[in-house]
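For the sequence shown, the UniProt record's numbering assigns the number 445 to the last residue and increments by one with no breaks.
Below is one structure, written out as structure tokens; comments come after it.
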Amino acid sequence: MKSQFGSGIESKPEAEYYPEVKFGTKGNRYSITFVADQRMCDIFALLVNMLSQLQKLEGSFKIKDVHSTFENQIYSLQIDFEESVGNPKSKIVTQGTIYIYGEMTNEKPSMQIILEKTDQFSNADLEAFMACYVEANRPRTLQHIKNFSSSQQVQAEIKQQQEIKTGKTLQELEKAGVTIFMPDNKERNLDWNYLAGYEKQKRDIEDTVLLALQYPEVYDSLTALTRVKNEPNRPKAILFEGPPGTGKTTTARIIAQQVQIPLVYLPIESFMSKWYGESERQFADIWKGCQQLGRAIIFIDEIDAIAQQRGGEMHEVSRRILSTLLRKIDSFESNTNVLLICATNRKQDLDAAMLSRIDLSVKFDLPDNQARQEIFQRYAKHLTDKERDILSQLSNGMSGRNISDICKDAERRWAAKLIRKEVTEQLPSLAQYKETLTQRLNNFA
């Protein structure tokens with residue numbers, strides 16, 4: 001078979017330009033493969049030509065199924081067919097498939113064209129494949145490359161239109177009162193090192209949330225093998241629980257920055273209205289805008305303001321908004337590109353229906369002694385370990401934000417002393433930090 005097909009190719013005067021034809025087997029199937037440069041030929045014209053050749057087999061060739069996908073610039077086409085040989089009483093039926101696979105880009109213009117069959121190839125199969133091969137690889141003018149470049153220009157225009165549409169969506173969301181944190185390459189250092197302590201919480205978030213956003217295909221392929229019904233297992237709703245200043249908002253920003261997707265901060269006041277029905281309509285409009293961004297994280301702080309246990313004292317507006325929120329979470333199954341992160345310091349007050357829809361609950365307690373030392377290391381690295389330990393002991397019961405504010409206040413006060421020439425040391429002393437810390441404790445006593 002190989003010698004017959006090969007001799008047909010070698011008889012052509014342009015043989016020196018032809019790439020390799022690969023013959024092989026896949027299980028009980030025979031295969032022939034070659035690579036075509038899509039800049040130098042019309043891939044789909046080649047496909048039509050091959051199908052036309054095969055369909056000349058007097059009705060014995062029949063297309064059974066066609067599958068195609070296009071994702072991340074990679075195009076895949078699969079055509080399953082059936083061939084029959086012999087009379088109706090003793091005919092032999094063979095199954096075959098034509099594959100076309102590759103990236104539709106200038107950087108990687110090669111497309112694989114594969115013919116597979118469950119039996120050895122007939123002369124008609126070989127002739128059809130050889131005609132396709134020769135047509136794909138005969139010398140061309142530069143016009144084909146120009147045409148391919150034009151298709152790339154069309155793709156660039158489509159991308160530009162998508163960017164314009166995204167820009168309009170962002171403007172509409174900002175008008176509605178939400179704050180959008182777009183991923184910034186300048187903030188690539190916004191990672192877990194930015195949040196001192198909370199090692200278990202970081203690991204839970206990484207395993208359940210961060211990796212699921214970075215490698216969704218791994219999670220989806222796993223559920224395809226474990227579930228009777230193939231459905232996504234990526235998280236839709238996450239709850240961060242803990243006192244103010246313990247890193248809940250910072251963690252949401254770290255996730256968005258590391259995955260390089262927008263974080264949409266949704267304050268309660270952006271959709272609350274005194275007019276009947278207006279609050280839930282505004283809430284639904286904001287939600288729709290977030291979904292139009294594609295991949296996004298929606299962050300709602302103080303979720304307990306609208307998701308308390310439903311009872312007689314619950315405000316009617318909050319009740320309606322909660323119902324809308326629950327419906328939106330349920331609809332995430334068809335849109336797993338959107339992740340909801342809620343934060344609260346009163347988890348015990350949340351509605352049971354809301355809690356039942358949470359995929360992961362992460363508790364952020366006040367930092368322990370070791371974590372407080374690490375926070376002081378971040379904001380007062382010039383101090384010794386012993387000095388930071390002293391500050392850590394004095395700041396027991398404080399949040400990470402409290403400690404950060406103390407260090408910033410100490411720096412400002414020290415800068416004022418430098419300007420007045422009250423001190424000569426360039427960096428704040430331990431005494432300055434202790435003084436500022438004590439004042440902070442007295443203010444909140």
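In this text, a Cβ means the ideal position worked out from N, Cα and C, and glycines have one as well.
Check your understanding: For Gln-426, is the classification buried or exposed, using 16 other Cβ atoms within 10 angstroms of its Cβ as the cut-off for buried?
Key -> So Gln-426 ends up on the exposed side.
**Study point:** C-alpha distance - Met-354 paired with Leu-339, whole-angstrom precision
**Key:** 15 angstroms
Review point. What number of angstroms, rounded off, separates the C-alpha of Gln-439 from the C-alpha of Val-209?
Key: 40 angstroms
**Study point:** Length of the line joining the Cα atoms of Val-21 and Ile-74
**Key:** 22 angstroms
Check your understanding: Between the Cα of Gln-365 and the Cα atoms of Arg-357, Asn-345 and His-382, which residue gives the shortest distance?
Key -> What sits at residue 365 in the sequence shown is Asp, not Gln. Closest by alpha carbon: Asn-345.
Point to revise | Coarse secondary structure for Leu-263, derived from DSSP in three states | key: Strand.
Practice item. For Pro-13, name the three-state secondary structure that DSSP assigns. Key: Unreliable positioning characterises Pro-13 in this predicted model, as indicated by a pLDDT of 43, which lies under 50. A coordinate reading is not provided.
Practice item. Pick out the complete beta strand (DSSP E) segments inside the stretch 324–360, 3 residues or longer, and give them in chain order. Key: With a minimum length of 3 residues, the unbroken runs of beta strand (DSSP E) contained wholly in the stretch 324–360 fall at 338–344.
Practice item. Quick one: measure Cβ to Cβ for Asn-233 and Tyr-219, integer angstroms, because I've assumed they're closer than 8 angstroms. Key: 6 angstroms
**Study point:** Identified DSSP bridge partners for Ala-237
**Key:** Bridge partners of Ala-237: Leu-340.
Exercise for review: Could you check the C-alpha separation between Thr-223 and Thr-25 for me, to the nearest Å?
Suggested key: 30 angstroms
Exercise for review: Buried or exposed for residue 446, please, with buried defined as at least 16 other CB atoms from any protein chain shown within 10 angstroms of its CB.
Suggested key: Outside the shown range of the chain, which is 1 to 445, sits residue 446, and nothing can be said about it.
Check your understanding: Thinking C-beta only, is Gly-245 closer than 8 angstroms to Asn-402?
Key -> Taking a C-beta distance under 8 angstroms as the contact criterion, Asn-402 and Gly-245 qualify as a contact pair.
Practice item. Could you name each continuous beta strand (DSSP E) segment of 3 residues or more that falls completely within the stretch 172–206, going from the start of the chain to the end? Key: 179–181
Check your understanding: Taking DSSP as the reference, what is the three-state secondary structure of Gly-242?
Key -> coil
Check your understanding: Excluding sequence positions up to five away, which residues of its chain have a Cβ less than 6 angstroms from the Cβ of Leu-239?
Key -> Cys-342, Ile-358 and Ser-361
Exercise for review: Following the continuous alpha helix (DSSP H) through Phe-376, name the residue where it begins and the one where it ends.
Suggested key: 369–379
Check your understanding: To the nearest angstrom, how far is it from the Cα of Ser-31 to the Cα of Phe-23?
Key -> Roughly 6 angstroms between the two C-alpha positions.
Exercise for review: Closer than 7 angstroms by C-beta to Ala-431: which residues in its own chain qualify, once you throw out the five before and the five after it? Chain order, please.
Suggested key: none
**Study point:** Identity of the residues DSSP links to Ser-84 by a beta bridge
**Key:** BP columns for Ser-84 point to Val-93.
Exercise for review: Using the DSSP secondary-structure output, state which residues sit across from Phe-70 in a beta bridge.
Suggested key: Tyr-75
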